[in-house]
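Residue numbers (my numbering), protein chains in the order written: chain A, 925 to 1381; chain B, 92 to 622. Virtual Cβ for every residue (Gly too), placed ideally from N, Cα, C. Below is one structure, written out as structure tokens; the observations come after it.
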């Protein structure tokens, strides 16, 4: 059993030296032509609260070793979370056995040799040292004022401390450690007629202020009481940044180059061509992934050990890149994309209030819920507004409205753009985990397609 | 319309090829939890450590989880993996407050340390305590339980699995217009040992199996996919792969993908819907199973999964009219081959079958030990014992257990009606097979569902295929419109491995059974748009 370091900080993860030693031990058992070893260690620490008190929490630590073996063009993979020699040896043997039994893969790519990497920029000692008492204090900062105001608070916070390493028998070794943290809260009125949400995520827990989030959710809970019904239809909508993040991530999720080239994607053009070079959204929209952007930082390498790099997906409305893996890049005569997976979307200088003030009649949407694909041909999704939906009249929020279901595409939305605000880091995952690193502006669009009303609060 | 349920040997598979590729290995996976003598000792050490540190109650789960995944596309194998994770989680109750900690290091020192960590966390969590947690009584249990298993999927040769998938892909791609095909098999074996300070000690071995395919047809600058959703995930062994007839069904699925390209785009309006159980299971899951979870009704999931329109309990139990009199819904963890089946839940309770909706009226929620006492007043009124229904579950050793739905199923009617009978009785309608797009609000009122294949019904007959179909519904209105249910012969269990709830999100594997059923005058929209 590997001995873990005793750290001043509470979270456990494997150091560079420990990962290197484990990888070397695993590689020493390998007999395949090529072997890759991935070492992932993670501490998860979380606290949930509901009805103004902590309901559950959890602390866990795990370390997983994955071995990928290649014999010629055959490959197999096996993983274990037991780090003793016997377990590592057997895991290597299992991967090699699976490789022997698998047919040749005509798309197999050779392992990479040594690479150079920049250091990751998403580590925080504050996050790694977060303990249950810190989280309990954060709960009190939200739940106590809510309770005093006769409201009901619910929420979740999590700190994740992890280290990833990749090594292979061609001399490649990559190591990176990172932290992430998130706090989301939903505050409701006791009679269940009002509900408000606020959330934030950052690799540095000290950047998240529980009281600010509690206040924002409380305000939305109070102001969303007794929502009125409006006719579903096409509306001018001001989307808060979280709502924009909820939808824009589906565009980046559809950027697979192979699907586009094979004619089964929004980014397909006839005759095996794709939309690189084609304008698909408003010219004010630029979408970039950059693993070294401190606001939306990611891992410095991808799963095969390729250095992650800055990728411009859409520039001034025009598709600049699609996502090519190593095989498809070689097949199509392109370079592999090796994106880190984060999203930064361009913005403007307007505040959210400016967007509201400029709206004669429209809706304000806080966030979306239960977003699911309806038609991949147009990246069409359905979903509902949640926890703060309001009517804007003559530049002012005049009343809360009932939640609405939409059927629309983020591509159509970004074509119907009226104005963009200042980008913000958002917590846009459905489940409240830190999720994809996303920085997007509030936006105002016209003709967003709402198709039905919901009585849900 | 032909049925799906014929069972026979699938293509290439033959029982005489059951040669384990692992037989020559000293496999770390060969020993099961029950055979490891130190697990019981470690459990007792941990529980003693928790009690000494001040826990009034504690439980521990050791879980060894092995899964195997084989995936292919067209005539290539895109992945073969075999993975294992093993660890333990300790839950402690200290003066009414929960704590939980977990680790992968199975040593005497570590189980004691983690037990103390869980107690320390429970103490920290007490600072915001309002209502102390109290557990409904449950008798201590000991024993073993295993999924019913004909063929151990981990003992079937990889070559046979790969061969079957590639044969199915070949059959699909032989259909003109079918351009792409991916297929996969997933197998899970979970060995779980549970022990509590109340004296329970159980050992369970749970299997799950899912073969699946997706065929994509392209043409005229358009594309359409057909997924094999009527092959449901099951708590069975490799016999489920064999019985799924992938090779035979592949050409049918491919043919339907091609037909979808030229199908008529639906006219919006109100239609009678004839729903196959391979579709209806998901509508039951979203619009019945989730809103009848007691933690949602009490506000415990407000920050993610949401609350429920079936609330508050004192105003709805025994009185809320949920649907038509044909609507009878039961919860269970006993149906053979279902995903929720087990001997005991994750807090040592033997699950019971129970009514959730009786003749259209809501009568009970899913419960755990903590939750059952919240309904003590109701069970007393009914003259019933207050006990958990056995709905506690954690996705793995590193996650804390909480309330998850059991199998929640629509009961068949007494008349021997089938798919063809419901279509014959329908003048203007749409028949839907397979689940597709799905979305529902956080209180489970407003939902929208697509499907895999849609057929137009006119004058009691299917007249052609439709596309771009989705129905939008309000839950009580939709279930009130249930006007025909099929008989026991039309009953089929759908399900999923990945029902998400809780924070951090945990997935639950659950089955939902149903007969064929008809719903009157439902709002259908057209989802087709032009890019």
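Contact list for residue i against chain A, beta-carbon separation under 7 Å
{"i": "residue 494(B)", "result": "Chain A residues near residue 494(B): none, gap ~11 Å exceeds 7 Å."}
{"i": "residue 174(B)", "result": "1002, 1003"}
One or two residues paired with residue i in a DSSP bridge
{"i": "residue 563(B)", "result": "539(B), 614(B)"}
{"i": "residue 1265(A)", "result": "Bridge partners of residue 1265(A): none, in fact."}
{"i": "residue 423(B)", "result": "498(B)"}
{"i": "residue 1039(A)", "result": "For residue 1039(A), which the question treats as bridged, DSSP gives no partner whatsoever."}
{"i": "residue 1123(A)", "result": "1108(A)"}
{"i": "residue 603(B)", "result": "585(B)"}
{"i": "residue 1092(A)", "result": "960(A)"}
Cβ neighbour criterion (16 or more within 10 Å) applied to residue i
{"i": "residue 1288(A)", "result": "buried"}
{"i": "residue 252(B)", "result": "buried"}
{"i": "residue 1037(A)", "result": "exposed"}
{"i": "residue 1153(A)", "result": "exposed"}
{"i": "residue 1207(A)", "result": "exposed"}
{"i": "residue 455(B)", "result": "buried"}
{"i": "residue 112(B)", "result": "For residue 112(B), the predicted model reports a pLDDT of 30, less than 50, meaning its position is unreliable and no value from the coordinates is stated."}
{"i": "residue 114(B)", "result": "Only weak support exists for where residue 114(B) lies, its pLDDT of 31 falling under 50; the value from the coordinates is given anyway. So residue 114(B) counts as exposed."}
{"i": "residue 384(B)", "result": "buried"}
{"i": "residue 265(B)", "result": "exposed"}
{"i": "residue 1320(A)", "result": "exposed"}
{"i": "residue 1051(A)", "result": "buried"}
{"i": "residue 340(B)", "result": "buried"}
{"i": "residue 542(B)", "result": "buried"}
{"i": "residue 1259(A)", "result": "exposed"}
{"i": "residue 471(B)", "result": "exposed"}
{"i": "residue 1115(A)", "result": "exposed"}
{"i": "residue 338(B)", "result": "buried"}
{"i": "residue 1030(A)", "result": "exposed"}
{"i": "residue 1042(A)", "result": "exposed"}
{"i": "residue 550(B)", "result": "exposed"}
Range of the contiguous alpha helix (DSSP H) that encloses residue i
{"i": "residue 369(B)", "result": "368-375"}
{"i": "residue 405(B)", "result": "404-407"}
{"i": "residue 332(B)", "result": "330-334"}
{"i": "residue 254(B)", "result": "249-264"}
{"i": "residue 470(B)", "result": "467-473"}
{"i": "residue 1135(A)", "result": "1134-1147"}
{"i": "residue 584(B)", "result": "Residue 584(B) -> not in any alpha helix (DSSP H); beta strand (DSSP E) instead, spanning 583-592."}
{"i": "residue 1064(A)", "result": "1056-1072"}
N- and C-terminal bounds of the beta strand (DSSP E) containing residue i
{"i": "residue 272(B)", "result": "269-287"}
{"i": "residue 175(B)", "result": "167-185"}
{"i": "residue 963(A)", "result": "958-974"}
{"i": "residue 1014(A)", "result": "Element bounds for residue 1014(A): not the beta strand (DSSP E) but the alpha helix (DSSP H), 1009-1025."}
{"i": "residue 547(B)", "result": "544-549"}
{"i": "residue 1332(A)", "result": "1328-1332"}
Option nearest residue i by Cα separation, candidates the options
{"i": "residue 397(B)", "options": "1361(A), 1332(A), 1079(A), 982(A)", "result": "1079(A)"}
{"i": "residue 296(B)", "options": "157(B), 290(B), 304(B)", "result": "157(B)"}
{"i": "residue 450(B)", "options": "415(B), 444(B), 354(B)", "result": "415(B)"}
{"i": "residue 1340(A)", "options": "1160(A), 1021(A), 1190(A)", "result": "1160(A)"}
{"i": "residue 1358(A)", "options": "1230(A), 1279(A), 1081(A)", "result": "1081(A)"}
{"i": "residue 974(A)", "options": "222(B), 133(B), 211(B), 549(B)", "result": "222(B)"}
{"i": "residue 977(A)", "options": "1276(A), 1174(A), 1067(A)", "result": "1067(A)"}
{"i": "residue 146(B)", "options": "153(B), 271(B), 137(B), 494(B)", "result": "137(B)"}
Any non-hydrogen atom of the ligand NAP closer than 7 Å to residue i Cβ
{"i": "residue 1088(A)", "result": "With respect to the ligand NAP, the structure offers nothing, as it holds no ligand at all."}
Neighbouring residues, chain A, relative to residue i (Cβ below 8 Å)
{"i": "residue 391(B)", "result": "974, 975, 979, 1078"}
{"i": "residue 384(B)", "result": "Residues of chain A passing the Cβ test: none, with the nearest at roughly 13 Å."}
{"i": "residue 563(B)", "result": "1329, 1375, 1376"}
{"i": "residue 62(B)", "result": "Since the first residue of chain B shown is 92 and the last is 622, residue 62(B) is not available in this structure."}
{"i": "residue 220(B)", "result": "977, 978"}
Closer than 9 Å at the beta carbon, the chain B residues around residue i
{"i": "residue 1171(A)", "result": "In chain order: nothing, as chain B lies at least about 14 Å away."}
{"i": "residue 1134(A)", "result": "Simply none; closest approach about 12 Å."}
{"i": "residue 1224(A)", "result": "Ordered by position in chain B, no residue passes the 9 Å Cβ test against residue 1224(A), which lies about 25 Å from the chain."}
Interface residues of chain A facing residue i [CB-CB closer than 9 Å]
{"i": "residue 250(B)", "result": "1025, 1026, 1027"}
{"i": "residue 195(B)", "result": "984, 985, 986, 987, 988, 1005, 1006, 1007"}
Proximal residues of chain B, C-beta to C-beta of residue i below 7 Å
{"i": "residue 1194(A)", "result": "312"}
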